[in-house]
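Residue 1 is where the sequence shown starts when you use full-length UniProt numbering, and the numbers rise one by one after that. Comments concern the structure below.
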Amino acid sequence: MSVAELLQQRTSIRAFTDQSVDAATVHALLDAARWSPSGGNLQPWQVIAVAGAEKAAVERLATETLLRNPAGEADEFPIYPAALGEPYRTRRYQVGEALYALLGVPREDKAGRLRALARNFQFFGAPVGLFFVIDRSMGHGQWAHLGMFMQSLALVAQERGLSTCMQEAWGMVRQSLHRHFALAEDQVLYCGMALGHADPQAPVNQLRSERAPVEAFARFQGF
């Protein structure tokens with residue numbers, strides 16, 4: 001399968017089967033993804049993989065934290081800008097509405113939408129959760145390189161018959177996770193990723209978000 005095909009097939013899976021993924025498989029995925037590029041070969045990523053009892057522990061931690069503070073913990077790295085302009089605001093709105101439509105949750109069902117959000121903190125039923133950590137001293141460039149590493153990992157997983165969902169929602173409990181994993185003060189936990197086998201019967205997995213055409217974001221000069 002070509003890289004172009006993998007890019008088109010990869011999507012954020014929000015319902016997984018209970019089929020397990022063993023440590024050797026996760027290690028193999030990380031071993032392939034470690035060849036992702038980074039400026040100066042800094043390789044500014046650390047990964048924490050959780051499964052079994054440890055995954056259940058972080059799920060409980062998130063649930064208890066958000067029960068105390070449903071808005072999430074105050075944080076210096078918000079998921080979205082406070083004033084999200086166009087066309088980004090519309091894109092976010094449209095994919096959100098499409099998602100909730102597949103889940104059968106109308107806009108006025110606030111409790112239903114909260115329950116759907118809470119599924120993030122169960123890794124959508126995936127057997128493996130991954131957390132991505134970066135050193136606080138790193139700049140925007142290195143954060144971009146971490147993102148490239150995550151993309152590489154997602155594509156390798158797709159190639160090998162596994163599915164993923166990149167989850168910035170875990171940033172809502174970043175401080176609690178930092179303490180739970182006993183991270184150093186100069187480390188920042190960026191986000192999570194669910195990893196497992198997609199449930200082909202789940203309607204939510206039919207979601208395919210649109211992409212803007214090349215003409216909407218590219219300029220060709222000097223050709």
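Note that beta-carbon positions come from the ideal geometry of N, C-alpha and C, so glycine has one too.
Less than 8 Å separates the beta-carbon of F16 from that of A126.
For L103, the closest of V214, V204, G39 and P213 by C-alpha to C-alpha distance is V204. Around the CB of S176, 16 or more other CB atoms lie within 10 Å, so the residue is classed as buried. Remark: three or more beta-carbon pairs, one from each stretch, lie closer than 8 Å, so the stretch 125-141 and the stretch 41-54 are flagged as touching. The DSSP assignment places 46-51 as complete runs of the beta strand (DSSP E) inside the stretch 26-56, in order along the chain (cut-off: 3 residues).
A direct Cα-to-Cα measurement between M166 and F121 gives close to 12 Å. Between L195 and A157, the C-beta spacing is below 8 Å. In the structure shown, V188 adopts extended strand secondary structure according to DSSP, grouped into three states.
Counting only unbroken stretches of 3 or more residues, the beta strand (DSSP E) elements lying wholly within the stretch 45-110 are 46-51, in sequence order. Closest in C-alpha terms to H180, from the list F77, A212 and V50, comes V50.
The shortest CA-to-CA distance from L67 to any of A202, M172, V214 and Q221 is the one to M172. For the pair of segments examined, the stretch 105-113 was found not to touch the stretch 87-95: the number of CB pairs separated by less than 8 Å stays below three. Taking the Cα positions, E73 is about 15 Å away from Y80. Q142 counts as buried, since at least 16 other C-beta atoms from the protein chains shown sit within 10 angstroms of its C-beta.
Following the DSSP letters along the chain, one finds V3 inside the alpha helix (DSSP H) bounded by residues V3 to Q9. In chain order, L155, Q158 and E159 place their CB closer than 7 Å to the CB of L6, counting only its own chain and leaving out the 5 sequence neighbours on each side. Assigned with DSSP and collapsed to three states, V21 falls in coil, not helix or strand. Of the residues A71, L189 and A182, the one whose Cα lies closest to the Cα of L114 is A71. Residue pairing by DSSP places Q167 opposite G192 in a beta bridge. Boundaries of the beta strand (DSSP E) around V133: V128 to D135. By the criterion of a C-beta distance shorter than 7 Å, S36 is surrounded in its chain by M148, F149 and S152, once the five residues flanking it on both sides are discounted.
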